[in-house]
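Asks:
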Amino acid sequence: MQNGSDTQIAKSQGDPIIRVRGLTKRYGAHTVLENLDLDVEEGEILGVVGASGGGKSVLLRCIIGLENIQAGRVEIFGRDMTAMSDKARFEIDTRWGVLFQDGALFGGLTVLQNIQVPMREHLKLPQPIADELAHLKLSMVGLAPEAAGKYPSELSGGMRKRAGLARALALDPEIVFLDEPTSGLDPIGAAAFDRLIRRLQRTLGLTVYMVTHDLDSIFAVCDRVAVLDGGRIVRTGTPDELRRSPDHPWIESYFCGERARAAMAAT
Ligand SMILES: Nc1ncnc2c1ncn2[C@@H]1O[C@H](COP(=O)(O)OP(=O)(O)OP(=O)(O)O)[C@@H](O)[C@H]1O
Ligand SMILES: [Mg+2]
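Residue 263 in our numbering sits at position 228 of the sequence shown, with consecutive numbering throughout.
(1) Quick one: grab the DSSP three-state call for Y28.
(2) Quick check on the burial criterion: 16 or more other C-beta atoms within 10 angstroms. Buried or exposed for D214?
(3) Please report the distance separating the alpha-carbon of R54 from that of V146.
(4) Might you give, ordered along the chain, the residues of its own chain that have their beta carbon closer than 7 Å to the beta carbon of N149, omitting 5 neighbours on each side?
(5) For S47, tell me which candidate among M116, T59, V67, E77 has the shortest Cα-Cα distance.
(6) What is the DSSP secondary structure of M116, counted as helix, strand or coil?
(7) Please give me, in chain order, every unbroken run of the alpha helix (DSSP H) with length at least 4 that falls completely inside the region 171–225.
(8) From the DSSP secondary-structure annotation, give me the bridge partner or partners of I80.
(9) Let me know if D41 comes out buried or exposed under the rule of 16 or more other beta-carbons within 10 Å of its beta-carbon.
(10) Under a three-way DSSP split, which group does E102 fall into?
(11) Of the residues P222, F135, E156, which one's Cα is nearest the Cα of K196?
(12) Heavy atom of ligand 1 less than 8 Å from the Cβ of H248, yes or no?
(13) Work out the CA separation of F228 and V256 for me, nearest whole Å.
(14) Please report the distance separating the alpha-carbon of D137 from that of T217.
(15) At which residues does the alpha helix (DSSP H) containing I150 begin and terminate?
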């Protein structure tokens with residue numbers, strides 16, 4: 036059985052960096068995801084959209100192995116996440132970072148300490164180096180050095196999002212998962228956050244998996260969009276493709292409504 040980190044076959048060039056096949060997730064009798072397929076290509080910014088309560092956050096948690104699934108297979112970097120030893124899981128965990136929907140910063144830790152949580156878990160760094168690295172991540176996300184010593188409750192919503200992003204970047208990941216990164220931000224703050232994501236994706240060569248409701252974000256930064264409806268990915272395409280041929284009722288109402296026209300006009 037292949038469950039050691041050395042024995043698993045790595046992904047070949049050109050293969051998707053994430054491949055989900057036949058994923059089914061239920062809570063008791065409630066089926067949230069059913070027989071879902073999805074590919075995420077290396078280096079892209081993929082937006083995942085769908086109705087509220089449709090299972091976008093659940094899907095994200097299933098992909099990164101935080102949920103047991105009833106059926107299907109999730110491969111990341113060409114490796115089967117569902118058949119992986121705990122040790123291999125712990126190692127592969129360093130190759131992605133996550134910004135959860137609620138930010139999920141530890142309230143009792145400063146921003147700097149929050150950024151250092153993944154470093155503590157995975158790296159044995161002398162404190163001065165960990166401090167220097169955490170300061171570097173802070174500046175990458177556009178936070179002033181003064182933010183380092185603040186507690187999450189002392190930050191604005193936008194600053195908390197940036198601090199969460201800095202923590203997601205702590206271990207130089209290859210993939211970043213973002214769950215509603217611009218929710219709760221005003222349009223100017225959200226646009227600045229979009230530009231930050233685009234810039235980081237380009238300069239660091241990241242793959243970005245972004246759950247979002249935000250049409251402005253979709254048109255501003257997403258290379259491709261996957262639409263979740265009825266527990267499955269019903270369409271994937273560029274934002275423009277989905278807008279031009281909205282051959283699905285949810286896509287039609289979402290991409291062709293007034294808000295979509297306003298978002299298009301703004302780009
Ligand atoms: N731990 C859980 N136990 C039971 N049901 C859950 C659990 N987590 C999520 N669900 C259910 O799964 C469904 C999908 O939830 P999810 O949070 O993924 O929606 P979402 O698409 O992310 O919504 P939103 O856009 O509002 O964030 C919901 O019906 C929710 O109640
Ligand atoms: Mg959600």
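Think of the CB as a built atom: it goes at the ideal place given N, C-alpha and C, for glycine as much as any other residue.
Replies: Working from what's here:
(1) For residue 28 there is no data in the structure shown, the boundaries of the chain being 36 and 302.
(2) Burial is judged here by how many other beta carbons sit within 10 angstroms of a residue's own beta carbon; D214 has at least 16 and is buried.
(3) Looking at the two C-alpha atoms, the distance is approximately 34 Å.
(4) Excluding residues within five positions, the ones whose Cβ falls inside 7 Å are L140, F141, A198, R202.
(5) Here the closest residue by C-alpha is E77.
(6) Helix, per DSSP.
(7) Listed in chain order, they are 192–203.
(8) Its beta-bridge partners are V243.
(9) With a pLDDT of only 41 at D41, under the threshold of 50, the placement of this residue in the model should not be trusted, and no figure is reported.
(10) The answer is coil: DSSP assigns E102 none of H, G, I, E or B.
(11) Selected option, being the one with the closest Cα: F135.
(12) Answer for H248: yes, Cβ within range of ligand 1.
(13) So the alpha carbons of these two residues sit roughly 10 Å apart.
(14) Their Cα atoms are separated by approximately 11 Å.
(15) It spans 146–157 - the alpha helix (DSSP H) in which I150 sits, taken as one unbroken run.
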